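When we follow my numbering, the leftmost residue of the sequence shown carries the number 189, and every step to the right adds one.
C-beta atoms are modelled at their ideal positions from N, C-alpha and C, and glycine is treated no differently.
Small disclaimer: the values here were computed from a predicted structure and weren't measured.
Below is one structure, written out as structure tokens; the observations come after it.
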Amino acid sequence: MRLNLPRTLLVLALSAGASLAGCKREQPAQPAAPAADTPAAVTPATAAVDASLQDVTEHTADYIIGISYPPVASQYPLLAAELRQYADSARKELLEAAKGRAQAGSSAPYELVLPFTELHVSPTLVSVGVDGSSYTGGAHGAPLIARWVWLPQQNRLLRASDLVADAKGWEAISTLVREQLHTALSQRVDADELPPAERVEVLKNANRMIDDGTEPDPDHFSQFEPIVGGNGRIQSVRFVFAPYQVGPYSDGTQTVEVPSASLLPYIAPAFRGLFEGG
């Protein structure tokens with residue numbers, strides 16, 4: 189399974205002749221993004237951050253790299269710095285791995301694809317996502333999934349730990365998300381028409397992954413994207429779970445939308461105005 193890439197990156201990957209359609213790595217190695225301890229608000233020390241972002245296209249016998257940035261990021265230096273840090277970390281890991289590609293016996297070049305996209309842009313809210321991958325040998329590549337939510341008027345990132353600041357809120361959100369994931373899992377397993385004993389075992393293991401990956405802690409819900417209605421207010425929040433967090437690689441990236449009416453009682457007062465009914 190390959191990602192849908194921007195045309196320039198797709199042409200690059202195809203021209204390289206890399207036959208990676210079925211070659212992907214087993215374990216994900218996500219760059220840190222965004223780090224919970226990174227200062228959220230602008231300070232004198234960070235006010236002059238370089239906002240310039242340049243797409244990256246590299247092709248050698250050992251590796252292929254394609255990184256494309258969203259135009260909106262250049263308007264916000266601190267957001268641009270977050271995206272560049274994520275991409276630089278992923279690129280560094282790939283280049284380190286590529287040094288040993290020949291010794292590892294890989295016939296295909298290693299590959300990093302990071303297509304950053306604008307998910308929402310408005311004067312009050314900007315969200316950016318990346319659904320990329322890093323292939324460094326093995327059966328399949330590591331999915332690189334991340335989201336950033338930027339508040340232009342406050343010049344800061346909105347993190348999950350800011351959005352919901354107390355344990356009670358995360359317990360409620362965890363319950364809501366688990367219910368949807370368990371239901372979707374049961375429907376998928378039913379569609380497979382497995383023998384009863386196998387069905388029980390599959391559900392047992394998969395349900396455990398869901399519960400482990402959605403414990404009531406903001407770290408488990410750090411990747412999210414606001415869904416904005418026609419009135420400019422957030423009508424729901426889509427929580428994004430990369431492969432392996434709440435299911436096996438074969439289940440892909442999973443998402444759960446929680447409506448604002450369910451979230452609003454737990455949203456920190458400073459951000460309630462962003463939501464419908466807030």
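Comparing alpha-carbon positions, which option in the options lies nearest residue i?
i: Glu291; options: Leu271, Asp250, Val318 and Glu299; result: According to the sequence as given, residue 291 is Gln; it is not Glu. Among Leu271, Asp250, Val318 and Glu299, the Cα nearest to that of Gln291 belongs to Asp250.
i: Ile253; options: Val314, Pro453, Ala285 and Arg426; result: Ala285
i: Ser410; options: Ser240, Ile333, Asp439 and Ser448; result: Ile333
i: Ser450; options: Ala275, Leu346, Tyr437 and Glu359; result: Glu359
i: Asp407; options: Ala372, Phe463, Ser349 and Ser448; result: Ser349
i: Asp420; options: Thr245, Ile398, Gly357 and Gly466; result: In the sequence on display, residue 420 carries Gly and not Asp. Answer by Cα proximity: Gly466.
i: Tyr454; options: Arg344, Pro265 and Ala353; result: Ala353
i: Ala261; options: Ala456, His308 and Tyr323; result: His308
i: Arg344; options: Gln242, Val446 and Leu266; result: Leu266
i: Arg387; options: Asp400, Ile398, Leu373 and Asp399; result: Leu373
i: Ala268; options: Phe463, Thr371, Glu445 and Asp243; result: Asp243
i: Gln423; options: Tyr432, Val446 and Gly293; result: Val446
i: Tyr432; options: Arg289, Glu299, Ala458 and Asp399; result: Asp399
i: Ser476; options: Glu306, Pro297 and Ala458; result: Residue numbering for the chain in the displayed model covers 189 to 466; residue 476 lies beyond these limits and cannot be assessed.
I'd like to confirm the pairing. Which residues does DSSP put opposite residue i in its beta bridges?
i: Gln442; result: Phe429
i: Leu332; result: Gly320
i: Tyr251; result: Tyr298
i: Val309; result: Val314
i: Gly422; result: The amino acid at residue 422 is misidentified as Gly; the sequence shows Ile. In DSSP, Ile422 forms a bridge with Val416 and Phe463.
i: Glu246; result: Ile253
i: Pro303; result: Ser256
i: Pro447; result: Ser424
Output the distance between the C-alpha atoms of residue i and residue j, rounded to the nearest integer angstrom.
i: Gln375; j: Gly435; result: 14 Å
i: Gln263; j: Val416; result: 21 Å
i: Lys212; j: Arg396; result: Only weak support is given to the placement of Lys212: the predicted model assigns it a pLDDT of 39, under 50, and the value that follows is read from those uncertain coordinates. Cα to Cα, the separation comes out at about 25 Å.
i: Ala223; j: Glu281; result: Confidence is the limiting factor: at Ala223 the pLDDT is only 44, short of 50, which leaves the residue's position unreliable, though a coordinate-based value still follows. Taking the straight line from one Cα to the other gives about 17 Å.
i: Ser277; j: Gly317; result: 16 Å
i: His328; j: Val390; result: 22 Å
i: Phe429; j: Arg460; result: 24 Å
i: Gln341; j: Val314; result: 10 Å
i: Thr231; j: Ala355; result: Model confidence at Thr231 stands at a pLDDT of 39, short of 50, so the residue's coordinates are unreliable; what they give is reported in the following sentence. Spanning the two alpha carbons is a distance of roughly 29 Å.
i: Ala394; j: Ser438; result: 12 Å
i: Gln273; j: Pro383; result: 47 Å
i: Leu452; j: Trp336; result: 20 Å
i: Val301; j: Thr371; result: 32 Å
i: Trp338; j: Ala275; result: 18 Å
i: Asp405; j: Leu364; result: 14 Å
For residue i, count neighbouring Cβ atoms within 10 angstroms of its own Cβ and tell me buried if that reaches 16, exposed if not.
i: Ala379; result: exposed
i: Glu367; result: exposed
i: Ser310; result: exposed
i: Glu403; result: exposed
i: Glu381; result: exposed
i: Phe463; result: buried
i: Leu330; result: Inspection of the sequence shows that residue 330 is occupied by Ala rather than by Leu. Looking at its Cβ environment, which holds 16 or more other Cβ atoms inside 10 Å, Ala330 is buried.
Identify every run of the beta strand (DSSP E) within the region 345-422, keeping only runs that are complete inside it and at least 3 residues long; order them along the chain.
With a minimum length of 3 residues, the continuous beta strand (DSSP E) runs that stay inside the region 345-422 are 412-416.
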